[in-house]
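Below is one structure, written out as structure tokens; comments come after it.
Residue numbers (our numbering): 82 to 193.
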């Protein structure tokens with residue numbers, strides 16, 4: 082099984098379904114924030130530094146970045162249609178989903 086010390090890095094970038102599932106399972110009780118992005122996406126380029134900053138600020142939260150062009154199976158599973166899309170999960174369930182930064186930080190504060 083994949084063992085990753087998620088607290089030693091600001092976020093994890095994942096492309097493989099099995100490893101992604103292992104991360105979700107190993108951190109099921111934690112708040113998990115997934116950023117679905119594309120390297121060519123203008124709004125994603127704006128949000129990227131904000132995501133990194135939040136991942137450094139909220140060290141009890143697991144932050145995962147998924148490149149939509151490299152992870153088609155994960156993208157299909159979550160039915161991602163626009164980028165960026167942010168999904169907050171806990172205990173294997175989505176608790177919120179959105180594509181705008183508005184409220185992103187305040188929601189993270191409430192959930193921690």
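Just so it is clear, CB atoms sit at the ideal spot from N, CA and C, and this is done for glycine as well.
Kindly indicate which three-state DSSP category residue i falls into: helix, strand or coil?
{"i": "residue 173", "result": "coil"}
{"i": "residue 117", "result": "strand"}
{"i": "residue 154", "result": "helix"}
{"i": "residue 139", "result": "coil"}
{"i": "residue 194", "result": "Examination of residue 194 is not possible in this model, given that the chain is present from 82 through 193 alone."}
{"i": "residue 148", "result": "strand"}
{"i": "residue 167", "result": "strand"}
{"i": "residue 98", "result": "helix"}
Just checking: is the beta-carbon of residue i within a distance shorter than 8 Å of some beta-carbon in chain C?
{"i": "residue 98", "result": "Given the protein chain composition of this structure (a single chain), no chain C is represented."}
Under 8 Å, do residue i and residue j count as touching if we go by C-beta distance?
{"i": "residue 101", "j": "residue 161", "result": "no"}
{"i": "residue 164", "j": "residue 177", "result": "no"}
{"i": "residue 166", "j": "residue 180", "result": "yes"}
{"i": "residue 109", "j": "residue 173", "result": "yes"}
### Query
Are at least three pairs of beta-carbons, each pair with one atom in the stretch 98 to 115 and one in the stretch 139 to 156, less than 8 Å apart?
yes
### Query
Between the stretch 125 to 142 and the stretch 152 to 159, are three or more C-beta pairs nearer than 8 Å?
no
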